Each structure stands twice: as structure tokens, then as C-alpha cells.
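As numbered in numbering that gives the first Met the number 0, the sequence shown has no gaps in its residue numbers, which increase by one up to the final residue, 203.
Every residue, glycine too, gets a C-beta built ideally from N, C-alpha and C.
Quick caveat: nothing in here was measured; it's all calculated off a predicted structure.
The structure under discussion appears below in the form of C-alpha cells.
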Amino acid sequence: MILQKMVLKNFRGYKECEINFSDKITSLIGKNDVGKSTILEALDIFFSESPQKLIDSRDLNIYSKDNYIEIAVEFKLDADDDLLTLDSTAVTSFTKECLLNSSKNLELILRINIDKDATSVSVSSITRLIRCEYFKIYKDKPLILMKNSELKKCIKEEIGETKVDTKINHLMREELHNNLNDKEKVTVEMDINSLEGAKKHGER
């Protein structure tokens, strides 16, 4: 898994900033006080298991009209990284589940809601998301968030008879993907806590 890009929003001196990383980057060079340390600290916050301990309300950009800080990071996946375990034991992939963004990268977001009247940040204000290109027809509730009974209902309504094992969720999702008449995709954000396997992958 290779770090490709980071986008900062409303974080300290950066109202919005995109940083692209090459595969061979070894250092950041720039004048004093231009924000080099902020970039590294943003990465530290993103990868931390307790980001609320590393940030407070003073980190919100003073010119921002928003009440949140966002650190979005993109990763290029190799074949091994693309594997994803969901439903406890079923092995699928980020690609098959349509969890990659328009650049075919894994894009993970750390969003922190800021209470300007408070000094500290609570755990409940932290959200981790996956931003991806997903089928428009299922944008309001992606298949990967559906329970087995919901997937069976979709199979019955959209396909009818099927030879797919309806006890295995990822096989039903794949069948539904393959049988879509309208494959138009839109950008969707999903709470990573709803995706057990993806959450573990992100922690790794």
C-alpha cells in the first residue's frame, strides 16, 4: 500500500491543500513557517488510533466557515492490499466491492467536527470514512451495507431466479453488480465503522 496523496481542509494554515507524494519521496523542503510540520502532523493525526488526543479546536483554520477539519489520504493498492475480509470470513476485494475512488485508489477520510466553544475534541466528533465511486442506483444504501435478508430481497426483485449461493453476501453483491442495467457511478462516502473488514484493513 503506497501513499499517493493527502488533502487537508480547514486544518491550521491550510483552508484547502492537496499534497501529492511520489513513490520515492524522502523529505519535505520549504521556507520556515510555510507548513511543512503541519503536513507531517496531519499524517500523524490521520494514522493515530486516538486522533482526538492530538488535535483541539485551535487547529481549525481561522478563516474557515466550516466547523470541521478533514484529512483525506489516498493509497495505491497492490494485489495483496486489495484483498478485503468481510462478513467475518468471506474474502473479497476493494475493487470487487466498488470501494475505490475515481483514480482507482483507496481513499480514506478522517473528519473531525469542531466545537468552537470547547477546547478539546471528543471521541464522538471523530468519523472515519471511505470515499468511493459507487453505483448511483444504490448510492443511498450501498449493497455492502446491506444485511443478508436485504440482499436476498434485492436479488429477488432485480434478478429473480439465481444460482448464486444466497448464504454468502459478497457473492450476492457481485451478482447484483454484474446484472445492473444502469452502471452509472457517483461519489459516495461510507462510514468505515460499518465495514468490519475495511476497518481492520485501515487499522493495519
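For the pair residue 93 and residue 109, the CB atoms are not nearer than the 8 Å cut-off.
Contact fails between the segment 149-159 and the segment 68-87, because fewer than three Cβ pairs, one in each stretch, are under 8 Å apart. Assignment of residue 127 by DSSP, reduced to helix, strand and coil, places it in the strand class. If you look at residue 16, you'll find it in the beta strand (DSSP E) that goes 13-19.
Rounded to whole angstroms, the separation of the alpha carbons of residue 0 and residue 186 is 22 Å. Here the alpha carbons of residue 3 and residue 22 stand approximately 8 Å from one another.
Only exposed fits residue 29, as fewer than 16 other CB atoms lie within 10 angstroms of its CB. By DSSP's assignment, residue 184 forms a beta bridge with 134. Taking a contact as a CB-CB distance under 8 Å, the pair residue 51 and residue 125 counts as one, their CB atoms being some 6 Å apart.
Unbroken beta strand (DSSP E) runs of no fewer than 3 residues, entirely contained in the segment 53-98, are found at 67-75, 82-85, 89-92, following chain order.
Taking all protein chains shown into account, residue 41 has 16 or more neighbouring C-beta atoms within 10 Å of its C-beta and is therefore buried. The secondary-structure analysis by DSSP pairs residue 10 across a beta bridge with 13, 59. Within the same chain, Cβ atoms closer than 6 Å to the Cβ of residue 6 are found at 17, 71, the five residues on either side in sequence being excluded. Leaving aside the five residues that flank residue 136 on each side, the residues in its chain whose CB is nearer than 6 Å to its CB run, in chain order, 181. Assignment of residue 190 by DSSP, reduced to helix, strand and coil, places it in the strand class.
A contact is defined here as three or more CB-CB pairs under 8 Å, and the segment 145-154 fails this definition with respect to the segment 114-122. Following the DSSP letters along the chain, one finds residue 112 inside the beta strand (DSSP E) bounded by residues 105-112. Less than 8 Å divides the Cβ of residue 127 from the Cβ of residue 191. Separation of the CB atoms of residue 85 and residue 176 is rounded to 15 Å, and the pair is thereby denied contact status at 8 Å. Linking residue 99 to residue 143 through their CA atoms gives a straight-line distance of about 13 Å. Of all alpha-carbon atoms in 46, 67, 26, 24, the one lying nearest the alpha-carbon of residue 13 is that of 67.
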